[in-house]
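Beneath this line is the structure, given in structure tokens, with notes to follow.
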Amino acid sequence: MFNKLFKKKTSVYQPVSGTVISLQEVDDEVFSSEMMGIGFAVRPDSSEIVSPIAGTIDSIFPTKHAFTMKGPQGIELLVHIGTDTVELNGEGFELLVKAGDQVAAQQSIMNVDFKAIKEAGKGTEVMVVFPNLEKNRNEQFDVSNQRTLVAEL
103 MFNKLFKKKT SVYQPVSGTV ISLQEVDDEV FSSEMMGIGF AVRPDSSEIV
153 SPIAGTIDSI FPTKHAFTMK GPQGIELLVH IGTDTVELNG EGFELLVKAG
203 DQVAAQQSIM NVDFKAIKEA GKGTEVMVVF PNLEKNRNEQ FDVSNQRTLV
253 AEL
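For reference, each letter of the sequence shown is one residue, going 103 to 255 in our numbering.
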């Protein structure tokens, strides 16, 4: 009982400024069906991608369009930038960190040229997915209040 009362929570922030939406609103069935896990997405209005949690950059995809992180209490997450952006082979993505780096919540991770992504005909939503959280955990991602803190896990 005391473990539940005093268990430290992990703050989850938007990875980019913009409009927070549910995964079901994303135009990519892999994410909208929650096949990859539960989470949320952001329609970006800036180019700076920041860390949604404090933790370690676990991996960065060679095409720079996605990265994974591990945080406290075993939280794992995937940040996926855009839809079909793997086809851009890293064009428009400027990394500021590398795999293995420890990062603070809201620390800059990369800059993204969303205008170029849009001009290439790709989607620009930024998805944050938690593959190791069970769908029935009833995590609450605040997609109605447009602020930087989205959840406490």
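Beta carbons: idealized from backbone N, C-alpha and C, even for Gly.
Nothing here was measured: the structure is a model prediction, and the numbers come from that model.
Exercise. Just the Cα atoms here: how many angstroms apart are D130 and S124?
Worked result: Numbered from 1 along the sequence shown, position 28 holds the residue referred to as residue 130. Numbered from 1 along the sequence shown, position 22 holds the residue referred to as residue 124. Distance between the alpha carbons of D130 and S124: 12 angstroms.
Exercise. So, are the CB atoms of N191 and E150 less than 8 angstroms apart?
Worked result: Here residue 191 refers to the residue found at position 89 of the sequence shown. Here residue 150 refers to the residue found at position 48 of the sequence shown. When the beta-carbon positions are compared, N191 and E150 stay at least 8 angstroms from each other.
For this session: Quick one: grab the DSSP three-state call for E127.
Result: Position 25 of the sequence shown, counted from the first residue, corresponds to residue 127. In the three-state scheme derived from DSSP, where H, G and I count as helix and E and B as strand, E127 is classed as helix.
Exercise. Closest by CA to V181, which one among M171, T112, E189?
Worked result: Position 79 of the sequence shown, counted from the start, is the residue given in the question as residue 181. Of M171, T112, E189, the residue nearest in Cα terms is M171.
Exercise. Where does Y115 sit, in a helix, a strand or coil, going by DSSP?
Worked result: Position 13 of the sequence shown, counting from 1, holds the residue named residue 115. DSSP places Y115 in strand when its eight states are reduced to three.
Problem set entry | Spatial neighbours of G120 in its chain, beta-carbon cut-off 6 angstroms, leaving aside the 5 residues before and after | Start at 1 with the first residue of the sequence shown, and residue 120 comes out as number 18. For G120, where only same-chain residues beyond five positions count, the Cβ hits under 6 angstroms are V144, R145, P146, D147.
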